[in-house]
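In mature numbering (1 follows the signal peptide of the UniProt record, and there is no 0), the protein residues as written are -27 to -1, 1 to 366.
Using N, Cα and C, we set each Cβ at its ideal position, and we do this for glycine too.
None of these values were measured; they are calculated from a predicted model.
Printed below as a string of structure tokens:
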């Protein structure tokens, strides 16, 4: 690795540690914010699970803890607050390093400095604040980036185990196995990847059963509650307001519809862009971010870190300025509108939900624009012709 990449990783760790040390109360403030914390990623919930595990209680009694049992068990071995901050900073540095390695894999096709994705990730305010908040989303992101890098390097077993672990931690990333398989060549290899992922997932669930003293109650608390959207907490997603306003009799049907909506585009995206499997993977990652029930800004920061790899398509983008302005508008106004609604009482839920719609529109604009750019590149057969105007493909 070049000296420049090492300095980026070093700065990534130092920046996170400095923010944590200079602003010790910031972690608790961010952990209480709906932009960086949800009932399924909250550090408070994770520490509650650690406390219950260490004192011999059933971790998932009471409906407070929703993190995976093995994550709770691992975190129970770390007591020092400084060490915990260091662990989170190092995990973010791992993701930054893996982005550098991914850039090296595409060095011949994407003309960007290999350290650029790492730099953008390391100093993205959304990623940095998500790390400081100690949201458990970082563990999922590490597994996803590991899976992508391993697949590009041909390491089938590692990629399969990583994506299965990501699915174990937060369920929906398990869907990424489908576009991930497109990165492998040969039916035998793909069968091996599916088998390895299945074995890994079953093994993790079996170990979780042991950690929970032989109880399978964690399945209901972690995955069942997520799919059924049991926690009607405000967040940046599209689900919460819709189900708060709905009659109870219709809830099961529409919750099923919303979950189907998450899954529905995995086939079309993977099949349409089967010649560009890495880009299909990133696009579906963006789709999950838009449609999942409990998104955070940490998820968005991770997704946006892959945008530099689309540099060959930048000339085809039509709404880049609009997407950027919508995203900045939503990120800046969401905490203000939430404060007006919850703290001051001078607004109502419509204030905050309106800005979450803008946030979803911004992400959808990015994903749709990237899809259009890929279709145009495919239409031009890999030879960009920006002057050609096409209204329909």
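Identify the continuous alpha helix (DSSP H) that holds residue i and give its terminal residues.
{"i": "residue 25", "result": "16 to 27"}
{"i": "residue 162", "result": "160 to 184"}
{"i": "residue 234", "result": "224 to 237"}
{"i": "residue 155", "result": "Here residue 155 belongs to no alpha helix (DSSP H), and DSSP marks it neither H nor E."}
{"i": "residue 57", "result": "54 to 78"}
{"i": "residue 331", "result": "322 to 352"}
{"i": "residue -1", "result": "-2 to 4"}
{"i": "residue 201", "result": "198 to 201"}
{"i": "residue 94", "result": "89 to 95"}
{"i": "residue 134", "result": "129 to 143"}
{"i": "residue 257", "result": "250 to 264"}
{"i": "residue 211", "result": "Counting along the chain, residue 211 falls outside any alpha helix (DSSP H), and DSSP gives it neither H nor E."}
{"i": "residue 270", "result": "270 to 277"}
Pick helix, strand or coil for residue i, following the three-state DSSP scheme.
{"i": "residue 11", "result": "coil"}
{"i": "residue 358", "result": "coil"}
{"i": "residue 100", "result": "helix"}
{"i": "residue 189", "result": "coil"}
{"i": "residue 366", "result": "Low local confidence applies: a pLDDT of 49 at residue 366 is under 50, so the model's placement there is unreliable, with the coordinate-based value given in what follows. Reduced to three states, the DSSP call for residue 366 is coil."}
{"i": "residue 39", "result": "coil"}
{"i": "residue 314", "result": "helix"}
{"i": "residue 48", "result": "helix"}
{"i": "residue 219", "result": "coil"}
{"i": "residue -23", "result": "helix"}
{"i": "residue 205", "result": "coil"}
{"i": "residue 123", "result": "helix"}
{"i": "residue -13", "result": "helix"}
{"i": "residue 105", "result": "helix"}
{"i": "residue 291", "result": "coil"}
{"i": "residue 32", "result": "coil"}
{"i": "residue 283", "result": "helix"}
{"i": "residue 118", "result": "helix"}
{"i": "residue -8", "result": "helix"}
{"i": "residue 389", "result": "Missing from the structure shown is residue 389; the chain here goes from -27 to 366 and no further."}
{"i": "residue 307", "result": "helix"}
{"i": "residue 110", "result": "helix"}
{"i": "residue -18", "result": "helix"}
{"i": "residue 241", "result": "helix"}
{"i": "residue 146", "result": "helix"}
{"i": "residue 81", "result": "coil"}
Comparing C-alpha positions only, which one of the options sits nearest to residue i?
{"i": "residue 54", "options": "66, 278, 102, 106", "result": "106"}
{"i": "residue 4", "options": "-11, 343, -10, 19", "result": "19"}
{"i": "residue 160", "options": "129, 79, 103, 135", "result": "129"}
{"i": "residue 343", "options": "306, 309, 258, 33", "result": "258"}
{"i": "residue 158", "options": "199, 190, 97, 249", "result": "249"}
{"i": "residue 114", "options": "96, 263, 71, 88", "result": "71"}
{"i": "residue 328", "options": "207, 58, 80", "result": "207"}
{"i": "residue 156", "options": "47, 302, 255, 269", "result": "255"}
{"i": "residue 58", "options": "42, -16, 40", "result": "-16"}
{"i": "residue 148", "options": "175, 232, 84, 197", "result": "232"}
{"i": "residue 61", "options": "151, 280, 27, 271", "result": "271"}
{"i": "residue 326", "options": "306, 243, 214, 304", "result": "214"}
{"i": "residue 273", "options": "1, -24, -3, 8", "result": "8"}
{"i": "residue 14", "options": "186, 336, 219, 194", "result": "194"}
{"i": "residue 28", "options": "308, 45, 197, 165", "result": "45"}
{"i": "residue 289", "options": "330, 83, 348, 334", "result": "348"}
{"i": "residue 25", "options": "184, 317, 100, 282", "result": "184"}
{"i": "residue 209", "options": "247, 218, 324", "result": "324"}
{"i": "residue 228", "options": "251, 211, 253, 242", "result": "211"}
{"i": "residue 168", "options": "186, 132, 188, 190", "result": "132"}
{"i": "residue 247", "options": "312, 337, 153", "result": "153"}
{"i": "residue 287", "options": "346, 340, 312", "result": "346"}
{"i": "residue 197", "options": "316, 126, 145", "result": "145"}
{"i": "residue 268", "options": "-6, 162, -1, 6", "result": "6"}
Next on the checklist: Would you call the region 91 to 111 in contact with the region 54 to 69, where contact means no fewer than 3 C-beta pairs closer than 8 angstroms?
Outcome noted: yes
Checklist entry - Quick one: any contact between the region 78 to 98 and the region 234 to 249, if contact means 3 or more CB pairs under 8 angstroms? => result no
Next on the checklist: Three Cβ pairs or more, each shorter than 8 angstroms: is that satisfied between the region 136 to 153 and the region 300 to 307?
Outcome noted: no
Next on the checklist: Quick check: the region 89 to 102 against the region -24 to -7, are at least 3 beta-carbon pairs closer than 8 angstroms?
Outcome noted: yes
Checklist entry - Should the region 276 to 288 be called in touch with the region 176 to 183, which here means at least 3 C-beta pairs below 8 angstroms? => result no
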